[in-house]
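Everything on this sheet refers to the single structure shown next.
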Amino acid sequence: MSKPSVAVAMSGGVDSAVAAYLAIRAGNKVTAIHLKMEAGQPEDPVLYECCRMLDIPLIEHECSREFFEKVLYASACEYAAGRTPNPCCQCNKVLKFAELFKAADKLGIGHVMTGHYVNRFCDDGHYYLSKGADSGKDQSYFLYRLTGDELARVSFPLGNLHKEEVRRIAAEAGLPCAVRKDSQDACFQIPGECCGETLRRRCQVPVKKGRFIHNGKVVGRHDGIHRYTLGQRQGLNVALGVPAYIRSISAKNGNIELTTDQNELMSKEFTVKEVSWVHGCLPQLPLTVKVRYRSPGVECDIEEVADGRIVVHPVRELRAVTPGQAAVFYCEDKLLGGGVIENV
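Numbering (the working numbering), first residue to last: 6 to 349.
So, in C-alpha cells, the structure goes:
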C-alpha cells in the first residue's frame with residue numbers, strides 16, 4: 006500500500022520541522038513547501054539541513070508580490086487610516102493557506118499540514134478548530150477566517166503538544182532547528198521599531214502628522230498616526246502630570262485625543278465587519294469574544310445588521326476595543342469565526 010501524500014509548510018523554525026517529522030512518523034509521504042514571501046530572500050541553511058535529515062523534498066513557492074500587496078501594503082494603509090490591523094490574521098487567510106493550497110494543488114497533493122498550535126476536529130460531519138493544548142502558544146485566534154471546506158484538507162500535528170515537548174522532539178531527532186529561537190514579532194518587523202512605522206517605510210505610505218488633544222487643548226504634536234493605537238500610554242511624550250491614554254485617532258485631521266480617565270476607554274458594544282463564520286452562518290451557541298490575541302474571552306450577544314456586519318454586546322465593558330483588530334468568537338474552546346472591528 007502506498008503512503009498517503011501530504012504537503013507540510015516549512016519555514017525553517019522548530020514548529021514546522023517537527024510537524025513534518027511527526028507526519029513522517031505517522032506514515033505519510035511528506036513534501037516540504039517553503040513560501041518565499043520576501044523578494045531576494047536568502048537561502049536558509051537550517052531549513053535545507055532539516056529537509057535533508059528528514060529525507061524529504063523541498064519545494065520553494067514564490068509569493069513575495071502577493072505578500073507585499075495583500076498583507077504589507079494592505080496593513081500599512083490601515084495604519085495610515087488610524088486603525089490598528091492584525092497582519093497575521095490577514096496573512097493566514099489571503100496568503101499562507103491560499104498559497105500553500107495552491108502549491109499543493111500543483112503537486113497533486115490534497116492534504117496539507119502546518120506547525121500551528123491548534124487542534125482540528127470533526128463535529129457532525131463538519132470540521133472546526135479548537136484551541137491548542139499549550140494555552141501560551143494557542144494560535145486559533147489568527148486562523149478564524151479558515152472555512153470548513155479548507156479545514157477539511159488541513160491538519161495540525163502540534164495541537165496537543167506544548168512548546169517544550171516540540172523542542173524535545175526536535176532535539177531527539179537531531180534537527181538543527183531545535184535550538185532556534187522563536188520570533189517574538191511579526192515576521193517583517195524591524196527590532197526596536199513599531200510595526201506601523203516598519204510598514205509605512207516599506208510601503209512608502211504618506212505620513213499623517215498631527216496634534217495631541219486633551220480637553221480641547223493642544224498638548225503636543227506627533228510624527229504620524231500610524232505609530233499609535235487606542236488605549237496606548239507609553240511613548241506619547243506628553244506631560245499632563247498624570248498618565249494619559251489614547252482615546253481616539255482621526256485620519257482626517259491627524260488629531261489624537263487623549264484622556265486621563267480610563268473609564269473613557271471602556272466599550273459596551275462595537276461593530277464588526279467582514280464577518281466570517283467557519284460554516285457560513287451565525288451559530289446558535291453561547292459565544293465568547295476575544296478582541297486581542299492575549300485578551301480573555303468574554304461572553305457576548307450578537308445582533309446581525311446589514312452588509313455582513315454584526316453588533317457585539319459583551320456582558321461586561323471591554324477596554325480599548327480597537328478598530329482594525331480582530332474580534333474572534335468561540336464556544337468554550339471551539340472556534341466559530343470572527344471579523345474585523347469597525348467602530349466602537
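Backbone N, C-alpha and C define an ideal beta-carbon position, used for all residues, glycine too. Note that the structure is predicted; figures quoted are calculated from it, not measured.
In this structure, the alpha-carbon of G113 lies about 12 Å from that of P9. Here the C-alpha atom of S160 lies approximately 32 Å from the C-alpha atom of V326. In this structure, the beta-carbon distance from D49 to G120 does not fall below 8 Å.
Secondary structure of N97 (DSSP, three-state): helix. Taken in chain order, the unbroken stretches of alpha helix (DSSP H) that lie wholly in the stretch 26-114 and span 4 residues or more are 50-59, 69-72, 79-85, 92-96 and 103-111. In this structure, A22 sits near A175, with a CB-CB distance shorter than 8 Å.
Runs of the beta strand (DSSP E) spanning 3 or more residues and lying entirely within the stretch 208-237 occur at 215-219 and 222-227, in chain order. Beta-bridge annotation (DSSP): S281 is paired with G343.
Counting of Cβ neighbours within 10 angstroms places L156 among the buried residues, the total reaching 16 or more. Here the stretch 124-137 makes no contact with the stretch 310-328; the two share fewer than three CB pairs at distances below 8 Å.
Each of G153, Y146, L290 and G221 was checked against the Cα of Y133, and the nearest Cα belongs to G153. Residue nearest to H39 within the set E304, G130, L105 and L77 is L105 (criterion: CA-CA distance). Our two residues, L241 and Y26, have alpha carbons roughly 47 Å apart in a direct line. Across the structure, G201 and P92 are spaced so that their CA atoms are roughly 11 Å apart.
Counting the other Cβ atoms within 10 Å of the Cβ of C94 gives 16 or more, which makes it buried. Bridge pairing for D128: H131 [DSSP]. When only Cα atoms are considered, E337 and L148 end up about 16 Å apart. Around H167, the same chain offers D139 as residues with beta carbons nearer than 6 Å, after the five sequence neighbours per side are excluded. Residues of the same chain with a CB within less than 6 Å of the CB of I61, apart from the 5 flanking positions on each side, are V35 and A37 in chain order.
In the three-state reduction of the DSSP assignment, C200 falls in the helix class, which pools H, G and I. One alpha carbon belongs to Q289, the other to P301, and they sit about 21 Å apart. Classified as exposed, V310 has fewer than 16 neighbouring CB atoms from the shown chains inside 10 Å of its CB. Excluding residues up to 5 positions away in sequence, V123, L134, K136 and L340 lie with their Cβ nearer than 6 Å to the Cβ of S145 in the same chain. Taking C-beta separations shorter than 7 Å and ignoring five residues to either side along the sequence, the partners of E65 in its chain run H39 and K41, following chain order.
When only Cα atoms are considered, E67 and A108 end up about 9 Å apart.
Taking 8 Å as the cut-off, the Cβ atoms of T89 and Q239 do not count as close.
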